[in-house]
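S.K.: Note that the UniProt record's numbering gives residue 319 to position 319 of the sequence shown, counting from 1, and the numbers run on in steps of one.
Idealized CB from N, CA, C, for every residue including glycine.
I'd like to ask some things about the structure below.
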Amino acid sequence: MKIVSPEQIKNFKSFMENHESFIIAGHKEPDGDCISSCIGLSYIADYFKKPYIMINAGPFKRSEIKKYSSMFTDTLPFMNKQERDSCGLIITDCSEIQRLGEIDGDLKGFDTFIIDHHKTADVQGDNTIIDPSSPAACLIVQQLVEAITGQLTKEQAETIFFGMATDTGYFRFLTEDSREVFLQTSRLVDAGANPRIIYQDMTGGKPWSTRKLLGIMLDRAERHAEGKLVVTYETMEDTRRYGSEGRDSDALYSLMLAVEGVEAVAFVRQDTEHTCTLGLRSKDSCDVSLIAAKFGGGGHKNASGASTEGRIETLLPLLIKEFMKVL
1 MKIVSPEQIK
11 NFKSFMENHE
21 SFIIAGHKEP
31 DGDCISSCIG
41 LSYIADYFKK
51 PYIMINAGPF
61 KRSEIKKYSS
71 MFTDTLPFMN
81 KQERDSCGLI
91 ITDCSEIQRL
101 GEIDGDLKGF
111 DTFIIDHHKT
121 ADVQGDNTII
131 DPSSPAACLI
141 VQQLVEAITG
151 QLTKEQAETI
161 FFGMATDTGY
171 FRFLTEDSRE
181 VFLQTSRLVD
191 AGANPRIIYQ
201 DMTGGKPWST
211 RKLLGIMLDR
221 AERHAEGKLV
231 VTYETMEDTR
241 RYGSEGRDSD
251 ALYSLMLAVE
261 GVEAVAFVRQ
271 DTEHTCTLGL
281 RSKDSCDVSL
291 IAAKFGGGGH
301 KNASGASTEG
311 RIETLLPLLI
321 KEFMKVL
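Quick look at the structure:
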């Protein structure tokens with residue numbers, strides 16, 4: 001990952017100084033990195049003693065982030081023209097307003113600063129800090145908090161460690177070029193973050209229903225591309241029966257990618273009669289972000305997704321066809 005430059009820090013600090021209030025927003029269906037990045041940015045707003053709201057469309061499906069849901073709203077309060085003109089919008093862990101989901105209120109027209117680490121982010125300018133080599137957006141936020149406010153408190157360190165750990169699979173997704181990640185992580189531990197307790201928060205408390213649903217996903221799993229690709233799916237009836245809370249798709253990906261010869265996993269969930277969510281994971285050289293982009297999504301080389309129109313029975317063959325081109 002890259003070190004945030006003095007110029008980028010200066011630009012962000014100026015953005016904070018030049019607005020009277022802030023909206024801090026992350027992508028819909030948030031994960032730990034999204035939540036931690038938003039909260040990390042709130043520490044900077046607190047430092048400047050400026051009011052802010054944290055916006056997220058939800059839903060907060062993952063059991064490890066449920067406790068943070070009360071800190072966010074999906075409704076933008078009414079603002080007159082003067083209030084809108086003096087309010088800054090900070091988008092983190094994504095780079096497009098449409099990825100924020102269904103927000104009650106108009107987020108267009110605000111002066112906006114974007115902080116992201118996704119490979120598919122396609123924005124630039126002084127009001128952006130985008131580093132696709134960073135394994136988590138909150139690692140970018142950590143550098144901003146440290147540069148602007150000084151040494152992290154124990155609470156701040158725990159928040160950022162949680163986000164970093166979730167997006168790196170508790171370090172499992174890191175490679176030989178991750179020296180700076182570990183240096184930053186050491187500063188979080190120095191500030192009081194407890195790796196063992198945070199791991200328990202990440203992995204514990206899963207509902208029984210998620211394990212039953214996982215069994216169904218495993219039973220449906222099929223191999224393609226000479227065994228290199230595993231595909232499975234979740235129907236609307238599955239969601240009605242087992243619920244959408246606390247789902248544990250990470251366990252599915254981890255189990256399948258651990259199978260000998262498997263290089264990628266594709267998961268399709270039917271959300272409505274006409275729309276689906278795609279989850280794509282891989283290891284080594286298979287770049288699933290390129291496949292996700294063909295379905296209107298994006299993400300990282302080895303972890304991407306999309307929300308797209310279609311049905312399971314039509315999308316699965318299309319996904320398999322795309323994977324066959326690269327596996």
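Alpha carbons only, please: which of 288, 65, 252 and 33 is nearest the one belonging to residue 204?
M.R.: Counted from its first residue, the sequence shown places residue 204 at position 204. Out of 288, 65, 252 and 33, 65 has the C-alpha closest to the C-alpha of residue 204.
S.K.: Would you mind stating whether residue 162 and residue 32 have Cβ atoms separated by less than 8 angstroms?
M.R.: Within the sequence shown, residue 162 is the residue found at index 162, counting from 1. Within the sequence shown, residue 32 is the residue found at index 32, counting from 1. Cβ distance < 8 angstroms, so residue 162 and residue 32 count as in contact.
S.K.: Would you call the stretch 248 to 267 and the stretch 73 to 80 touching, i.e. three or more CB-CB distances under 8 angstroms?
M.R.: No, the stretch 248 to 267 does not touch the stretch 73 to 80.
S.K.: Could you name the residues of the same chain whose beta carbon sits closer than 6 angstroms to that of residue 175, not counting the 5 residues immediately before and after it, in chain order?
M.R.: Walking along the sequence shown from the start, residue 175 turns up at place 175. Closer than 6 angstroms at the Cβ level, and outside the excluded window around residue 175, lies no residue.
S.K.: Between the stretch 128 to 142 and the stretch 21 to 39, do at least 3 Cβ pairs fall closer than 8 angstroms?
M.R.: Judged by Cβ distances under 8 angstroms, the stretch 128 to 142 makes contact with the stretch 21 to 39, as three or more pairs qualify.
S.K.: Would you check if the distance between the CB atom of residue 93 and the CB atom of residue 26 is smaller than 8 angstroms?
M.R.: Position 93 of the sequence shown, counted from the start, is the residue given in the question as residue 93. Position 26 of the sequence shown, counted from the start, is the residue given in the question as residue 26. A contact, by the Cβ cut-off of 8 angstroms.
S.K.: Who are the Cβ neighbours of residue 319 in its own chain at under 6 angstroms, not counting the five residues just before and after it?
M.R.: Against the sequence shown, residue 319 aligns to sequence position 319. So the qualifying residues of the chain are 266.
S.K.: Tell me which same chain residues have a C-beta within less than 6 angstroms of the C-beta of residue 111, skipping the five on either side of it?
M.R.: Here residue 111 refers to the residue found at position 111 of the sequence shown. 88.
S.K.: Just the C-alpha distance for residue 83 and residue 143, rounded to the nearest angstrom, thanks.
M.R.: For the purposes of this step, residue 83 is taken as the residue at position 83 of the sequence shown. For the purposes of this step, residue 143 is taken as the residue at position 143 of the sequence shown. Going by the C-alpha atoms only, they are around 29 angstroms apart.
S.K.: Report the residue from 145, 3 and 104 whose alpha carbon sits nearest the alpha carbon of residue 13.
M.R.: Counting from 1 along the sequence shown, the entry for residue 13 is found at position 13. Among 145, 3 and 104, the Cα nearest to that of residue 13 is on 145.
S.K.: Using alpha carbons as the reference points, say which of 241, 173, 197 and 286 lies closest to residue 229.
M.R.: One-based indexing of the sequence shown puts residue 229 at position 229. Residue 229 has its Cα closest to that of 286, out of 241, 173, 197 and 286.
S.K.: From the DSSP output, in three-state form, read off residue 152 for me.
M.R.: As a position in the sequence shown, residue 152 is number 152, starting the count at 1. In the structure shown, residue 152 sits in coil (DSSP, three-state: anything other than H, G, I, E or B).
S.K.: Whose CA, out of 104, 304 and 46, lies closest to the CA of residue 20?
M.R.: On the sequence shown, position 20 is the one that residue 20 refers to. Nearest C-alpha to residue 20: 46.
S.K.: Quick one: residues in its chain with C-beta nearer than 6 angstroms to the C-beta of residue 91, no 5 flanking neighbours on either side, listed in chain order?
M.R.: Position 91 of the sequence shown, counting from 1, holds the residue named residue 91. Around residue 91: 25 and 114.
S.K.: Rounded to the nearest angstrom, what separates residue 178 and residue 293 at their Cα positions?
M.R.: Position 178 of the sequence shown, counting from 1, holds the residue named residue 178. Position 293 of the sequence shown, counting from 1, holds the residue named residue 293. The straight-line gap from Cα to Cα measures roughly 26 angstroms.
S.K.: Rank 296, 275, 226 and 235 by C-alpha distance to the C-alpha of residue 323 and give the top, closest one.
M.R.: Numbered from 1 along the sequence shown, position 323 holds the residue referred to as residue 323. Comparing Cα-Cα distances from residue 323 to each of 296, 275, 226 and 235, the minimum goes to 226.
S.K.: Taking 8 angstroms as the cut-off, decide whether the C-beta atoms of residue 158 and residue 198 are in contact.
M.R.: The residue labelled residue 158 in the question sits at position 158 within the sequence shown. The residue labelled residue 198 in the question sits at position 198 within the sequence shown. Yes; because the gap between Cβ atoms is below 8 angstroms, this pair is in contact.
S.K.: What's the gap between the Cα of residue 255 and the Cα of residue 281?
M.R.: Here residue 255 corresponds to residue number 255 of the sequence shown, with the count starting at 1. Here residue 281 corresponds to residue number 281 of the sequence shown, with the count starting at 1. Each residue's alpha carbon lies about 12 angstroms from the other.
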